[in-house]
Structure formats: structure tokens, C-alpha cells
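Here's the structure we're looking at; comments come further down.
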Amino acid sequence: EPEVTQTPSHQVTQMGQEVILRCVPISNHLYFYWYRQILGQKVEFLVSFYNNEISEKSEIFDDQFSVERPDGSNFTLKIRSTKLEDSAMYFCASILDQGRETQYFGPGTRLLVL
Amino acid sequence: GNSVTQMEGPVTLSEEAFLTINCTYTATGYPSLFWYVQYPGEGLQLLLKATKADDKGSNKGFEATYRKETTSFHLEKGSVQVSDSAVYFCALIGGGSQGNLIFGKGTKLSVKP
Chain A
152 EPEVTQTPSH QVTQMGQEVI LRCVPISNHL YFYWYRQILG QKVEFLVSFY
202 NNEISEKSEI FDDQFSVERP DGSNFTLKIR STKLEDSAMY FCASILDQGR
252 ETQYFGPGTR LLVL
Chain B
1456 GNSVTQMEGP VTLSEEAFLT INCTYTATGY PSLFWYVQYP GEGLQLLLKA
1506 TKADDKGSNK GFEATYRKET TSFHLEKGSV QVSDSAVYFC ALIGGGSQGN
1556 LIFGKGTKLS VKP
């Protein structure tokens, strides 16, 4: 069964450094999402992406964040200058079509900012 | 705005016990409701869903009924197994939303043999 993959599974970085989290969505899916979960808190929506542009973003997704689909398979989340509070589990998800469809999630990347 | 509230965990049960995890929501319009499960070391997997009032979602012995009058979507299972140990998330996609999920905090379930 096709699945969403994410790399790396864990990343440790120093405050102020740039990080890029990578996701490979299911190949025929068209809508892509990033979520994050700070330890002990709820999973929060960051951004959705369709047709090579952001379709919706939350207030968490400020100028430090960017997303890109650099080729036909990868979907990346970049944090330009990491802060301690960016430490979280980051999940990528994808769906074939918009609306109430089931979102397929990757296993997540655990980011630790020191 | 839209939100989901689910019971705090952790929940510890013996094998074959009855499980209920409460979930209530606040939403404009007519949301779709979901339960996702996260097994240790894995991503979020859809467990079940319901897209309109009075719908019952079911999968792997789990059930949840979309109750518009009480704005609830409680998860139940008649007889839990050790393999059901996981974190369970209630979530919704709000009416008019472009599809982003709004999650509850998650409830960790541990089932002892």
C-alpha cells in the first residue's frame, strides 16, 4: 500500500540554524499538508499546499516557515531560523482530492532545537 | 472557531475491558469527524470517520456515532486488546474548510494483559 514517507526521522539543531524537513507524499495525491505537535500538546495545522502554492496557512506559519515542492515527488518544510519553541514532531499528510477525504500521514520528524 | 475537546489520558485498561474515549466539538456549519490512531513509533492512521449527523463510523471493533445534538463523537470498543495500546486523536474538518484537520489533544490508551 502506498504511504507517505518523511526524512529525517529525528533532527537536532542549534537555535538560529535553518532546517529542511522532507516529505514524499503518495504519488498521485494533489493536496499536501504540514502539521506539528509540540510534546504533550495537540496536533496543529501549519499549512496546506496545492498546485504549487499555499492554499491555507495558520497563524503559526509565519515568515520563518516556507514550503516548496521542488520536484514531482518531494514536499519540503523549511524553518529559516529555528527557535527553541520550534521543537516538535512535524507531520506531513497528503490527499488525492480536496474536502472531507482521508488524509494520509507520514511517520513524522522529531525536531529538537537546542 | 472550530475546536475539539477529548478526555485527558492516560487511560489504562485490562484486556477485554470496555473502552470509551469522550470527544466533543465546536464547529460552524457541518463538520466531518474523525478518529485517528498513532501506534508507537508510527504516524497517524485513520481509524474511522463520519461525515454527517447520526452516521456511525466503525473499524477494527471501534465505533463512534456523530451526535449533532450533543456535538459529540465518542469512541467505543466492547473488548480491548493489548494491541490497541496507542494514542487516539479525535479530529474534525470544519464546514467551509479547505480540508485542514483540527485535532484534540490525544488520549493515550494502555491495555494490560
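As you go down the protein sequences, you meet chains A and B in turn. Every letter in the first sequence is one number past the one before it in the numbering used here, and letter 42, counting from 1, is 193. Every letter in the second sequence is one number past the one before it in the numbering used here, and letter 13, counting from 1, is 1468. Note that the Cβ used here is the ideal one computed from N, Cα and C, for glycine as well.
Cα separation between residue 249 of chain A and residue 1473 of chain B?
Here the C-alpha atom of residue 249 of chain A lies approximately 36 Å from the C-alpha atom of residue 1473 of chain B.
Identify which residue in A:197, A:169, A:214 has its Cα closest to the Cα of residue 207 of chain A.
Checked all of A:197, A:169, A:214; the closest Cα to residue 207 of chain A is A:197.
Using a Cβ-Cβ cut-off of 8 Å, state whether residue 1463 of chain B counts as contacting chain A.
By the rule that beta-carbons nearer than 8 Å mark a contact, residue 1463 of chain B does not touch chain A.
Is the separation between the beta-carbon of residue 1505 of chain B and that of residue 1482 of chain B shorter than 8 Å?
Note that the C-beta distance between residue 1505 of chain B and residue 1482 of chain B is not below 8 Å.
Whole angstroms are fine: how far does the CA of residue 1532 of chain B sit from the CA of residue 1558 of chain B?
Distance between the alpha carbons of residue 1558 of chain B and residue 1532 of chain B: 21 Å.
In or out: residue 1461 of chain B buried (at least 16 other Cβ within 10 Å) or exposed?
Classification of residue 1461 of chain B: buried, given that the 10 Å Cβ count is 16 or more.
Taking the continuous beta strand (DSSP E) assigned at residue 194 of chain A, which residues delimit it?
That run of the beta strand (DSSP E) goes 194-201.
Residue 1539 of chain B to residue 1546 of chain B span [Cα, whole Å]:
Distance from the CA atom of residue 1539 of chain B to the CA atom of residue 1546 of chain B, rounded to whole angstroms, is 19 Å.
Do residue 1501 of chain B and residue 253 of chain A come within 8 Å of each other at the CB atom, strictly closer than that value?
Their beta carbons are under 8 Å apart, which means residue 253 of chain A touches residue 1501 of chain B by this criterion.
Assuming the contact rule is C-beta atoms closer than 8 Å, residue 172 of chain A and residue 233 of chain A should be a hit. Round their C-beta distance to whole Å, please.
Contact between residue 172 of chain A and residue 233 of chain A does not hold, since their C-beta atoms are separated by about 11 Å, which reaches or exceeds 8 Å.
Just to confirm before moving on: does the CB-CB distance between residue 200 of chain A and residue 175 of chain A stay below 8 Å?
Contact flag unset, no.
Pick from B:1509, B:1507, B:1503 that is closest to residue 1515 of chain B, judged by C-alpha positions
Looking at B:1509, B:1507, B:1503, the one whose alpha-carbon comes closest to that of residue 1515 of chain B is B:1503.
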